[in-house]
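J.:
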Amino acid sequence: GSEKPLQAAIREFEEETGFKPSGKFIELSPLKQKSGKLVFAWATEGSVDAGKVKSNLFEMEWPPRSGKIKQFPEIDKAEWFNVNLAKVKILTGQMEFINELEQKLGF
1277 GSEKPLQAAI
1287 REFEEETGFK
1297 PSGKFIELSP
1307 LKQKSGKLVF
1317 AWATEGSVDA
1327 GKVKSNLFEM
1337 EWPPRSGKIK
1347 QFPEIDKAEW
1357 FNVNLAKVKI
1367 LTGQMEFINE
1377 LEQKLGF
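Mapped onto the working numbering, the consecutive letters of the sequence shown carry residue numbers 1277 to 1383.
1. Closest by CA to Gln-1256, which one among Gly-1343, Glu-1279, Ile-1302?
2. Can you grab the Cα-Cα spacing for the pair Glu-1292 / Asn-1332, in whole Å?
3. Assuming Gly-1322 and Gly-1299 are in contact, meaning their beta carbons sit under 8 Å apart, how far apart are those beta carbons, in whole angstroms?
4. Please tell me whether Pro-1281 and Phe-1289 are closer than 7 Å, where the distance is taken between their beta carbons.
5. Could you check what DSSP says for Gln-1309 in three-state terms: helix, strand or coil?
6. Under the assumption that Leu-1314 contacts Leu-1377 (Cβ atoms under 8 Å), give the Cβ distance between them as a whole number of angstroms.
7. Near Lys-1310, what residues of its chain come up, given a Cβ to Cβ distance below 8 Å and the 5 sequence neighbours on each side ignored?
8. For Glu-1372, collect the residues of the same chain with a Cβ closer than 7 Å to its Cβ; drop the 5 residues on either side in sequence, then sort them by chain order.
9. Going by the beta-carbon positions, is the gap between Gly-1382 and Lys-1330 smaller than 7 Å?
10. Answer yes or no: do Lys-1363 and Ile-1374 have a C-beta to C-beta separation smaller than 7 Å?
11. Where does Phe-1334 fall in DSSP's three states?
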């Protein structure tokens, strides 16, 4: 499609949290995951009440090979973490996003 990666990221963030990010976006270097998928990310400053995050749903067969399709939230819980705990919680293949942001912000 003609949707640019930042536009897609803003749309997906809103779909998955119920909050629309705005302001100045800091582009981070895309990271290739073990699966081969390329993940794009941006950082921005904002205020999101983690307790009010409302996610969209996706469908999948559950239990596996049961033939039953069930819906699940894209995000089951949102929380805020300090940088050290965020580095423990984040997927290993995405930790470089935090490291790069720290570098860009001078931490």
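The C-beta atom is built at its ideal place from N, Cα and C for all residues, glycine as well.
T.: Quick answer:
1. Any answer about residue 1256 is impossible in this case: the structure gives the chain only from 1277 up to 1383.
2. Residue mapping note: residue 1292 aligns to position 16 of the sequence shown, counting from 1. Residue mapping note: residue 1332 aligns to position 56 of the sequence shown, counting from 1. Cα to Cα, Glu-1292 sits roughly 5 Å from Asn-1332.
3. As a first step, residue 1322 must be located in the sequence shown, where it is residue number 46. As a first step, residue 1299 must be located in the sequence shown, where it is residue number 23. About 6 Å separates the two Cβ atoms, so the contact holds.
4. Numbered from 1 along the sequence shown, position 5 holds the residue referred to as residue 1281. Numbered from 1 along the sequence shown, position 13 holds the residue referred to as residue 1289. Contact flag unset, no.
5. Residue numbering aside, residue 1309 sits at position 33 when the sequence shown is read from its first letter. Of the three classes helix, strand and coil, the one that applies to Gln-1309 here is coil, per DSSP.
6. Looking up residue 1314 in the sequence shown gives position 38. Looking up residue 1377 in the sequence shown gives position 101. Wrong, their Cβ atoms sit about 18 Å apart, outside the cutoff.
7. Your numbering for residue 1310 matches position 34 in the sequence shown. Gly-1369.
8. Numbered from its first residue, the sequence shown carries residue 1372 at position 96. Contacts found: Leu-1307.
9. As a working note, residue 1382 is residue 106 in the sequence shown. As a working note, residue 1330 is residue 54 in the sequence shown. Taking 7 Å as the Cβ cut-off, Gly-1382 and Lys-1330 do not qualify as a contacting pair.
10. Translated into positions along the sequence shown, residue 1363 becomes position 87. Translated into positions along the sequence shown, residue 1374 becomes position 98. Yes, the Cβ-Cβ distance between Lys-1363 and Ile-1374 is below 7 Å.
11. Numbered from 1 along the sequence shown, position 58 holds the residue referred to as residue 1334. Correct three-state label for Phe-1334: strand.
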